[in-house]
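Numbering (my numbering), first residue to last: 183 to 467. Here is the structure we will look at, set down as structure tokens.
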Ligand code: DO4
Ligand code: MG
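Below is the structure:
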């Protein structure tokens, strides 16, 4: 079951259920005004399945615009959860190499704040590269959707945009490398009802287009994530509360080579096999 937020032609925000035939069933007809209400239910999947049996208005995707499915959830991110991320970061930074090496195998994972919900970028919107950075990359990541009780209730796709030269200069600059205008895209929908075992069979692929040509393309597997999802969530919720739930990006397993940097007008396409695709163009911010 795929939940989405979308904008109608009257520019109203509605909640929808994506169908196999590329239609959206309007859950607002059944009185659902927030995805969070479903994520907080005792059994979200059961509730969504029962809603889907109602007689709901159906839109085709070209009649509406999908929005980011994030409502009031803070967005956090785990880091150095794939071997590829550890290696690339150790190479980009003499200064901080030891820190990446240690956190990959330490008991406590790296978890950092990524975005306020109102700053999250949705499908089709522009993601940013900083004008004071020279080396910018997208980070395609599986995102966990967690309710206020700390249960993983769904999955979506995240782009943890990063400035590698700023992070590489000094790890204390991580917040500047990671948290800036348009640095976090999430969407296009939330998949509810898949277990971690199922999510671990999914692949993640990244394609970057420049002037219509592919300039970078790679694929990885969710199963390459070193840590269990429950383990990551349990650290996120330690001595911390999330009254509206949270989104947790699970780290990147794809890092382009050292000679690659994003440019304005590039198009970033991230696909997760069990979810769909998140597409954004790049602008300078
Ligand atoms: O350690 C810095 C950030 C790591 C990260 O964002 C990732 O591995 O995805
Ligand atoms: Mg990341």
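Glycine residues also receive a C-beta, built at the ideal position from the N, C-alpha and C atoms.
Just the residues with CB closer than 5 Å to a heavy atom of the ligand MG, in chain order, which are they?
Answer in sequence order: 321, 342 and 434.
Within 10 angstroms of the Cβ of residue 300, are there 16 or more other Cβ atoms? Answer buried if so, exposed if not.
Classification for residue 300: exposed.
So if DSSP puts residue 455 in a beta bridge, which residue, or which two residues, is it bridged to?
The partner list for residue 455 (beta bridge, DSSP) is empty, contrary to what the question assumes.
Please go through the same chain and pick out, in chain order, the residues whose beta-carbon is closer than 8 Å to the beta-carbon of residue 195, but skip the five residues on each side of it.
Taking C-beta separations shorter than 8 Å and ignoring five residues to either side along the sequence, the partners of residue 195 in its chain run 187, 188, 189 and 249, following chain order.
Limits of the alpha helix (DSSP H) - the one that residue 230 falls within
Counted as a single uninterrupted DSSP element, the alpha helix (DSSP H) harbouring residue 230 occupies residues 226-234.
Assigned exposure category for residue 357 - 16 Cβ within 10 Å defines buried
Exposed, because fewer than 16 other Cβ atoms sit within 10 Å of the Cβ of residue 357.
Measuring CB atoms only, is the region 338-346 touching the region 277-284, in the sense that at least three cross pairs come out at less than 8 Å?
Here the region 338-346 makes no contact with the region 277-284; the two share fewer than three CB pairs at distances below 8 Å.
Grab the span of the beta strand (DSSP E) containing residue 322 for me, first residue to last.
Here the beta strand (DSSP E) through residue 322 covers 322-328.
Does the beta-carbon of residue 553, which I'm using as the reference point, lie nearer than 7 Å to any heavy atom of the ligand DO4?
What the structure shows of the chain is the stretch from 183 to 467, and residue 553 is not part of that stretch, so it cannot be assessed.
To which residues does DSSP link residue 292 through a beta bridge?
Note: residue 292 sits in a beta bridge opposite 261.
Is it true that the CB of residue 456 sits closer than 8 Å to the CB of residue 323?
Between residue 323 and residue 456, the CB-CB gap reaches or exceeds 8 Å.
In the DSSP assignment, find the unbroken alpha helix (DSSP H) run with residue 418 in it and report its ends.
Residue range 411-418 is occupied by the alpha helix (DSSP H) that includes residue 418.
What residue does the alpha helix (DSSP H) around residue 337 start on, and which one ends it?
Careful: residue 337 lies outside any alpha helix (DSSP H), inside the beta strand (DSSP E) at 334-342.
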